[in-house]
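Engineer: Pasting a structure below so you can have a look.
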DNA sequence: GGAGTCACTTCATATCTTGAAGTTACCCCC
DNA sequence: GGGGGTAACTTCAAGATATGAAGTGACTCC
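Chains as they are written, first to last, in our numbering: chain A, 1 to 141; chain B, 1 to 141.
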């Protein structure tokens with residue numbers, strides 16, 4: 001992870017940081033408001049503690065979370081998503097929607113206010129309209 | 001990948017299938033219209049051939065691509081995304097948007113018709129309106 | 001003062017990834 | 001018809017990474 005790649009594709013660059021089995025599950029938990037090591041270890045089922053500790057360091061290094069100590073003796077930290085980290089919510093949302101549609105699950109992505117299930121759609125801020133999926137392309141600028 | 005997990009979180013389930021460094025880059029290329037082993041090997045820079053062969057088999061097993069032989073002697077296959085596979089476009093789009101915003105790249109996600117950069121937004125199909133990111137939650141159904 | 005918790009680290013083993021090389025069955029060209 | 005090239009893989013050894021179990025230090029609670 002986070003190694004050099006000669007391509008400058010934003011998809012590849014993002015996957016260099018979060019493209020493994022665990023990192024986005026940690027982000028998912030942080031988005032849910034979990035902040036402490038032990039809380040995350042509990043709900044990211046099966047994550048080895050060494051990997052969790054590793055990923056939190058990586059997320060900090062990448063500016064996705066900040067570590068804040070609420071006690072120094074003994075050292076007790078909590079992890080808060082930065083704006084950059086919150087922006088990953090859309091990636092987690094997209095993974096969730098795909099999983100909901102093509103598997104059987106107990107959880108779903110909803111609007112907290114109206115309670116309805118959510119979709120993710122492309123939106124052109126210039127034309128102020130929705131774009132169909134078929135029109136989305138990744139192209140050279 | 002694709003192993004059992006006790007949680008039934010759709011994010012975790014999706015990452016069980018596509019949560020590694022390479023799989024979504026292969027999907028990205030298939031979305032772009034590349035279909036052959038050699039075409040994909042070229043643009044997913046650095047992918048070992050054994051990994052590509054492995055991931056294509058996995059994607060086939062998961063119903064994300066279908067393998068079609070255009071020659072049987074010698075066997076020459078091409079890989080076509082199913083509807084399930086095309087639906088992963090939103091995940092790739094979300095990764096691209098995040099990468100564009102937080103890194104320097106030559107590529108960007110645009111609307112093929114108007115040419116403007118695209119965003120991804122949450123949409124409630126019931127209320128027929130956009131939901132702000134802050135209202136999106138993953139909850140028990 | 002003993003048990004428990006939190007936030008990790010360490011370590012041996014197991015598994016996966018990587019890169020290089022090999023394989024099979026063609027096609028093209030002279 | 002022999003040599004070179006290509007497509008789509010497979011195999012293999014070495015190296016990197018992940019896993020699970022156990023350990024650590026500095027507390028707090030009873």
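Note that CB positions come from ideal geometry on N, CA and C, so glycine has one too.
Since this is a predicted model, take the numbers as computed values, not measurements.
Taking the beta carbon of residue 38 (chain B) as the centre, do at least 16 other beta carbons fall within 10 Å, making it buried, or is it exposed?
Structural biologist: To locate residue 38 (chain B), count along the second chain from 1; it is residue 38. Exposed: under 16 other Cβ atoms inside 10 Å.
Engineer: Could you pull the start and end residues of the alpha helix (DSSP H) that residue 40 (chain A) belongs to?
Structural biologist: Here residue 40 (chain A) corresponds to residue number 40 of the first chain, with the count starting at 1. Residue 40 (chain A) -> alpha helix (DSSP H) spans 37 to 43.
Engineer: Can you find the residues in the same chain that come closer than 7 Å, C-beta to C-beta, to residue 43 (chain A), ignoring five residues on each side of it along the sequence?
Structural biologist: If you number the first chain from 1, residue 43 (chain A) lands on position 43. Only 29 and 34 meet the Cβ criterion.
Engineer: Using a beta-carbon distance below 9 Å, is residue 84 (chain B) in contact with chain A?
Structural biologist: Counting from one through the second chain, the residue named residue 84 (chain B) turns up at place 84. Yes, residue 84 (chain B) counts as interfacial toward chain A.
Engineer: Between which residues of its own chain and residue 88 (chain B) is the CB-CB distance below 6 Å, once the five residues before and five after are set aside?
Structural biologist: By one-based count along the second chain, residue 88 (chain B) stands at place 88. Result list for residue 88 (chain B): 27, in chain order.
Engineer: Who are residue 138 (chain A)'s beta bridge partners in DSSP?
Structural biologist: In the first chain, the residue the question calls residue 138 (chain A) occupies position 138. DSSP lists B:109 as partners of residue 138 (chain A).
Engineer: Do you know how far the Cα of residue 105 (chain A) is from the Cα of residue 96 (chain A)?
Structural biologist: Working through the first chain from its first residue, we reach residue 96 (chain A) at position 96. Working through the first chain from its first residue, we reach residue 105 (chain A) at position 105. Answer to the nearest angstrom: the Cα atoms are 10 Å apart.
Engineer: Determine whether the beta carbon atoms of residue 103 (chain B) and residue 23 (chain A) lie at a separation below 9 Å.
Structural biologist: Within the second chain, residue 103 (chain B) is the residue found at index 103, counting from 1. Within the first chain, residue 23 (chain A) is the residue found at index 23, counting from 1. Taking 9 Å as the Cβ cut-off, residue 103 (chain B) and residue 23 (chain A) do not qualify as a contacting pair.
Engineer: Taking C-alpha atoms, which residue in A:10, A:79 and A:21 lies nearest to residue 70 (chain A)?
Structural biologist: Against the first chain, residue 70 (chain A) aligns to sequence position 70. Among A:10, A:79 and A:21, the Cα nearest to that of residue 70 (chain A) is on A:79.
Engineer: Within 8 Å, do at least three Cβ pairs link the stretch 119 to 135 of chain A to the stretch 58 to 65 of chain A?
Structural biologist: Short answer: they don't touch.
Engineer: Excluding the 5 residues flanking residue 141 (chain A) on each side, which residues of the same chain have their C-beta closer than 7 Å to its C-beta?
Structural biologist: Taking the first residue of the first chain as 1, we reach residue 141 (chain A) at position 141. Counting only Cβ-Cβ distances below 7 Å, and skipping sequence neighbours, we find nothing.
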